[in-house]
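Q: Sequences listed follow chains A and B, in order.
When we follow the working numbering, the leftmost residue of the first sequence carries the number 27, and every step to the right adds one.
When we follow the working numbering, the leftmost residue of the second sequence carries the number 11, and every step to the right adds one.
Each residue gets a CB set at the ideal place from its N, CA and C atoms; glycine is no exception.
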Amino acid sequence: MRIELQNISKTFGKFQALKDVTLTVPSGELVALLGPSGSGKTTLLRIIAGLELPDNGSGPMMFDGENINRCPISERGVGFVFQHYALFHHMNVFENIAFGLKVRPKKLRPSKKFIESKVNELLKLIHLGGLSNRYPHQLSGGQRQRVALARALAVEPQVLLLDEPFGALDAKVRFELRRWLRRLHDEIGVTSVFVTHDQDEALDLADRVSVLNQGKIEQVGTPYEIFHQPKTEFVLNFLGNVNFFHGSAGDGKVVLGKINIIAPQFNHMPVRSAHVFVRPHQFDLDTAAKSGKSMPAKVTRIHTAGSFVRLELVTEENEAIQADIMPEKFADLAIELGITVHVHPKEYMVFLQSETKLQDIESDSKVVLKKKRSLKIR
Amino acid sequence: MKTKLSFQISKAITATRSKASEDPLWVRFLLITIALGFLAAFLILPLTIVFKEAFQNGVRAYLNAIRDPAALSAIRLTLLTAAIAVPLNLIFGVAAAWAIGYFKFSGRNLLTTLIDLPFTISPIVSGLIFVLLFGRRGWLGPFLDDHGIKIIFAVPGIVIATLFVTFPFVARELIPLMQTKGTEEEEAARVLGAGGWRTFWKITLPNIKWGLLYGVTLCSARAIGEFGAVSVVSGHIRGATNTVPLHVEILYNEYNLSAAFAVASLLALLAIVTLIFKSLFGRKISIVRTTSSIAVDEKGIL
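#1: With DSSP as the reference, label A:Met87 as helix, strand or coil.
#2: In chain A, which residues lie with their C-beta within 7 Å of the C-beta of B:Asn217?
#3: Establish whether the CB of A:Lys40 and some CB of chain B are separated by less than 8 Å.
#4: Helix, strand or coil for A:Asn93, going by three-state DSSP, please let me know.
#5: Comparing C-alpha positions only, which one of B:Asn263, B:Thr193, B:Ala278 sits nearest to B:Arg232?
#6: Quick check on B:Ala105: does DSSP put it in helix, strand or coil?
#7: Pick helix, strand or coil for A:Leu31, following the three-state DSSP scheme.
#8: Between A:Gln255 and A:Glu373, what straight-line distance do the alpha-carbon atoms span, to the nearest angstrom?
#9: For A:Ser299, name the three-state secondary structure that DSSP assigns.
#10: Measure the C-alpha to C-alpha separation of B:Asn67 and B:Thr58 and round it to an integer number of angstroms.
#11: According to a CB-to-CB cut-off of less than 7 Å, which residues of the segment 124-147 of chain A neighbour chain B?
#12: Counting only the same chain and skipping the five closest in sequence on each side, list residues whose C-beta sits under 6 Å from that of A:Lys383.
#13: Going by beta carbon distance, what residues of the same chain come within less than 8 Å of A:Leu195, once the five residues before and after it are set aside?
#14: Determine, using beta carbons only, whether A:Phe120 comes closer than 8 Å to chain B.
#15: Taking beta-carbon pairs under 8 Å, can you tell me which members of the segment 192-205 of chain B lie near chain A?
#16: Using a 10 Å radius around the Cβ and a threshold of 16 neighbouring Cβ atoms, would you call B:Ser132 buried or exposed?
#17: Sort A:Ala58, A:Asp81, A:Asp224 by Cα distance to A:Gly39 and report the nearest one.
#18: Using a Cβ cut-off of 8 Å, pull out every chain B residue sitting near A:Val181, in sequence order please.
#19: What does A:Arg209 pair with, by DSSP beta-bridge criteria?
#20: For a contact meaning CB atoms closer than 7 Å, what does B:Arg208 contact in chain A?
#21: I want to see whether chain A comes within less than 8 Å of B:Ile295, judged by CB atoms only; does it?
#22: Do A:Val340 and A:Val367 have their C-beta atoms within less than 8 Å of each other?
#23: The beta strand (DSSP E) spanning A:Met375 covers which residue range?
#24: Please report the Cβ distance between A:Leu59 and A:Thr48, rounded to the nearest whole angstrom; I am assuming they are in contact, meaning their Cβ atoms lie under 8 Å.
#25: Under 8 Å, do A:Phe303 and A:Met375 count as touching if we go by C-beta distance?
#26: Around the C-beta of A:Met295, are 16 or more other C-beta atoms found within 10 angstroms, so that it is buried, or is it exposed?
#27: Can you name the residues that DSSP bridges to A:Met441?
#28: In angstroms with no decimal places, state the Cα-to-Cα distance between A:Arg72 and B:Ser83.
#29: Measuring CB to CB, does A:Gly278 end up less than 8 Å from A:Pro290?
#30: Taking 8 Å as the threshold (C-beta atoms), are B:Pro79 and B:Gly245 in contact?
#31: Roughly how many whole angstroms lie between the Cα atoms of A:Asn146 and A:Leu179?
#32: Within a Cβ cutoff of 6 Å, which residues of the same chain sit near A:Lys257, ignoring the five residues on either side of it in sequence?
#33: Can you name the residues that DSSP bridges to A:Glu338?
#34: Decide if the segment 147-161 of chain B is in contact with the segment 183-200 of chain B; the criterion is three or more beta carbon pairs, one per stretch, under 8 Å apart.
#35: Against B:Ile213, what residues of chain A qualify as contacts under a CB-to-CB distance less than 8 Å, listed in chain order?
#36: Use the C-beta contact count for B:Leu55: other C-beta atoms within 10 angstroms, 16 or more gives buried, fewer gives exposed.
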């Protein structure tokens with residue numbers, strides 16, 4: 027089932043949650059709606075389900091080319107997994123999963139036997155075969171989550187919508203369920219959309235990621251595109267840690283601090299101020315200076331727990347930098363707290379000032395290390 | 011030996027401390043005595059007297075007082091009034107709680123406040139409101155007179171006054187229940203294909219049923235026992251517009267004490283039955299609340 031949304035807007039009182047959002051979900055794909063809280067991602071999901079109505083003047087919503095704007099919730103054929111599962115707590119696991127089939131109009135209602143075999147099949151799928159008589163409050167978070175999913179799948183939806191499916195689970199369960207959901211999706215191939223604020227989850231799980239910010243879609247693309255070719259500063263910032271420099275670009279070069287980088291793509295352009303971004307792993311470190319290509323920085327903190335070594339550095343201008351290097355390199359250079367090293371950006375991303383809007387960057391500080399956390403909170 | 015003793019002492023101290031961690035013994039003793047003393051003096055003693063007086067002239071006199079045509083008619087009218095007022099307030103209560111709990115509309119806070127009006131207003135005033143509205147010299151009096159409709163000093167007036175006095179009970183009980191529960195389960199049912207009615211019967215009602223029964227119990231007790239408002243609109247016509255509480259008053263004023271207490275004992279019995287149901291349903295509600303709050307807690311932790 028291919029989903030197409032055109033120019034969808036949604037206003038709650040004075041707050042505009044969605045602004046002219048257009049999105050296509052190809053049939054059979056698993057798509058993530060990624061964004062900070064308040065970005066409108068859940069609202070968009072609820073509009074697809076029919077739990078919210080888009081504003082008047084919004085464009086059509088189509089399932090396989092068929093306009094569903096006026097189609098009531100119960101006839102849309104969607105499965106919805108709520109953030110807190112919304113299991114019917116007065117019904118046991120079996121009754122929860124069977125609900126969607128039991129409430130069908132008499133003509134379309136399957137026989138009791140069929141319902142029973144269908145539920146048992148689903149119970150097997152979610153590995154909860156022996157727990158059909160348990161009530162929701164007798165289940166763990168991960169088990170509830172799987173029951174919620176089975177309940178949504180029981181009606182054989184053409185579209186599966188999941189609102190922060192792993193948000194309420196602890197890290198280990200979350201990771202296992204993520205893998206399991208991906209396998210499940212590959213098996214049944216139902217077009218799925220899930221909402222998350224966790225970029226790792228989106229990049230790991232989805233075929234395609236749609237990044238939302240303040241009610242607008244910033245970028246849609248494969249996880250690779252989103253991570254390596256971010257189209258806006260917001261996307262760049264939201265997906266992982268990044269070092270930010272106020273610099274300039276033009277005349278064939280990019281300048282950040284004392285570093286001059288040859289950049290043929292700016293050959294025929296006058297110098298303009300620019301925002302230069304370097305991810306921690308894009309820095310190269312050396313104990314000797316490369317004139318014009320590196321800047322000196324003092325090591326202030328070393329984190330060695332992990333598959334790479336994370337260094338916190340301070341430049342001569344008192345700006346904080348974060349750099350990730352391989353443990354071998356760390357050993358070779360014999361890096362210690364307090365010594366001065368020379369950092370050189372191997373790769374970088376440039377956003378010319380006049381063309382991009384500054385929304386999420388503190389423009390008064392010269393260099394800001396963006397951490398994922400601080401963005402999420404906003 | 012010395013160390014052993016000091017060890018025992020310290021153990022004893024910690025034991026008493028952990029037991030009486032809050033208040034000294036005499037404070038607890040005093041508070042419990044006061045509470046139980048009040049209960050005995052103002053609740054248990056009067057209740058015993060009601061039954062003692064009722065059976066003063068023997069079981070036969072007791073039964074005769076209840077079998078008296080005027081008494082039977084009062085019982086019938088009271089039951090009729092409750093049978094009309096309680097279902098109507100049930101519908102109103104569910105509708106009001108649904109609206110306040112699930113929808114956002116202007117005037118929502120006003121509605122929540124107004125629902126409590128019958129609690130805050132004196133029952134006499136409640137009765138007078140309807141006399142002023144429907145009475146012969148009231149606003150609608152001439153219109154009703156022209157069409158031969160009698161409300162005040164007739165059964166409809168009693169029903170209306172009872173409705174007014176008892177309408178907060180069900181709504182009061184359900185509003186907090188629905189507000190804390192939220193609408194997610196209903197939404198889940200809708201997405202799964204259930205229509206509005208089915209969602210109400212299968213999802214909402216099972217979730218609120220104990221609160222609903224609790225509210226209905228309180229509402230019924232008040233509908234049967236209401237005196238003030240009903241007294242104003244009834245006209246005290248024996249065998250026609252007398253409810254049980256009004257009948258008790260009439261018998262009492264006629265110095266027919268044993269009959270008055272015999273009929274009153276019916277109301278006292280009702281009160282006891284109500285209390286039993288009330289505590290039963292109340293316990294169920296708190297069980298439902300704790301299980302669902304455990305669920306919420308786990309969500310929070312996980």
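A: To lay it out plainly:
#1: Translated into positions along the first sequence, residue 87 of chain A becomes position 61. Here A:Met87 sits in strand by DSSP.
#2: As a first step, residue 217 of chain B must be located in the second sequence, where it is residue number 207. Here the neighbours are His116.
#3: As a working note, residue 40 of chain A is residue 14 in the first sequence. No - not a single Cβ of chain B is within 8 Å of the one on A:Lys40.
#4: Residue numbering aside, residue 93 of chain A sits at position 67 when the first sequence is read from its first letter. In the structure shown, A:Asn93 sits in a strand (DSSP, three-state: E or B).
#5: Start at 1 with the first residue of the second sequence, and residue 232 of chain B comes out as number 222. Selected option, being the one with the closest Cα: B:Ala278.
#6: Translated into positions along the second sequence, residue 105 of chain B becomes position 95. Reduced to three states, the DSSP call for B:Ala105 is helix.
#7: By 1-based counting over the first sequence, the position of residue 31 of chain A is 5. The answer is strand: DSSP assigns A:Leu31 an E or B state.
#8: Along the first sequence, read from residue 1 onward, the residue named residue 255 of chain A stands at position 229. Along the first sequence, read from residue 1 onward, the residue named residue 373 of chain A stands at position 347. Each residue's alpha carbon lies about 12 Å from the other.
#9: Position 273 of the first sequence, counted from the first residue, corresponds to residue 299 of chain A. Of the three classes helix, strand and coil, the one that applies to A:Ser299 here is strand, per DSSP.
#10: Residue mapping note: residue 67 of chain B aligns to position 57 of the second sequence, counting from 1. Residue mapping note: residue 58 of chain B aligns to position 48 of the second sequence, counting from 1. When rounded, the distance between both Cα atoms is 16 Å.
#11: Phe125, Gly126, Val129, Arg130
#12: In the first sequence, the residue the question calls residue 383 of chain A occupies position 357. Its pLDDT being 40, under 50, A:Lys383 is placed unreliably by the model, and the measurement read from it follows with that caveat. For A:Lys383, where only same-chain residues beyond five positions count, there are no Cβ hits under 6 Å.
#13: Walking along the first sequence from the start, residue 195 of chain A turns up at place 169. These residues qualify, in order along the chain: Gly167, Gly168, Gln171, Leu203.
#14: For the purposes of this step, residue 120 of chain A is taken as residue 94 along the first sequence, with counting starting at 1. Chain B contact via Cβ: absent.
#15: Glu194, Glu195, Glu197, Ala198, Ala199, Arg200, Val201, Leu202, Gly203, Ala204, Gly205
#16: By 1-based counting over the second sequence, the position of residue 132 of chain B is 122. Answer is exposed; the Cβ neighbour count stays below 16.
#17: Within the first sequence, the letter at position 13 stands for residue 39 of chain A. Ranking the options by Cα distance to A:Gly39, first place goes to A:Asp81.
#18: Taking the first residue of the first sequence as position 1, residue 181 of chain A is located at position 155. In chain order: Leu202, Gly203.
#19: Indexing the first sequence from 1 puts residue 209 of chain A at position 183. Note: A:Arg209 sits in no beta bridge, so no partner.
#20: Counting from 1 along the second sequence, the entry for residue 208 of chain B is found at position 198. The contacting residues are Val129.
#21: On the second sequence, position 285 is the one that residue 295 of chain B refers to. No, B:Ile295 lies away from the interface with chain A (no Cβ there is under 8 Å from its Cβ).
#22: Mapped onto the first sequence, residue 340 of chain A falls at position 314. Mapped onto the first sequence, residue 367 of chain A falls at position 341. No. Outside cutoff.
#23: Taking the first sequence and counting its residues from 1, one reaches residue 375 of chain A at position 349. 375-378 is the span of the beta strand (DSSP E), which, as asked, contains A:Met375.
#24: Here the question's residue 59 of chain A lines up with position 33 in the first sequence. Here the question's residue 48 of chain A lines up with position 22 in the first sequence. That belief does not hold up - the Cβ atoms of A:Leu59 and A:Thr48 are roughly 13 Å apart, past 8 Å.
#25: Against the first sequence, residue 303 of chain A aligns to sequence position 277. Against the first sequence, residue 375 of chain A aligns to sequence position 349. Contact: yes.
#26: Counting from one through the first sequence, the residue named residue 295 of chain A turns up at place 269. Per the 10 Å Cβ criterion, exposed.
#27: Coverage of chain A is limited to positions 27 through 404, which leaves residue 441 of chain A absent and any answer about it impossible.
#28: Counting from one through the first sequence, the residue named residue 72 of chain A turns up at place 46. Counting from one through the second sequence, the residue named residue 83 of chain B turns up at place 73. Rounded to whole angstroms, A:Arg72 to B:Ser83 spans 58 Å at the Cα level.
#29: The residue you call residue 278 of chain A lines up with position 252 of the first sequence. The residue you call residue 290 of chain A lines up with position 264 of the first sequence. Yes, they are a contact pair.
#30: The sequence position of residue 245 of chain B within the second sequence is 235, counting from 1. The sequence position of residue 79 of chain B within the second sequence is 69, counting from 1. Result no, Cβ atoms of B:Gly245 and B:Pro79 do not sit closer than 8 Å.
#31: As a working mapping, residue 146 of chain A is identified with position 120 in the first sequence. As a working mapping, residue 179 of chain A is identified with position 153 in the first sequence. If I take the Cα positions, the gap works out to 13 Å.
#32: As a first step, residue 257 of chain A must be located in the first sequence, where it is residue number 231. These residues qualify, in order along the chain: Gln245.
#33: In the first sequence, residue 338 of chain A corresponds to position 312, counting from 1. In DSSP, A:Glu338 forms a bridge with A:Arg327, A:Gln348.
#34: no
#35: Mapped onto the second sequence, residue 213 of chain B falls at position 203. Near B:Ile213 (Cβ distances below 8 Å), the residues of chain A are Phe114.
#36: As a working note, residue 55 of chain B is residue 45 in the second sequence. Classification of B:Leu55: exposed, given that the 10 Å Cβ count is below 16.
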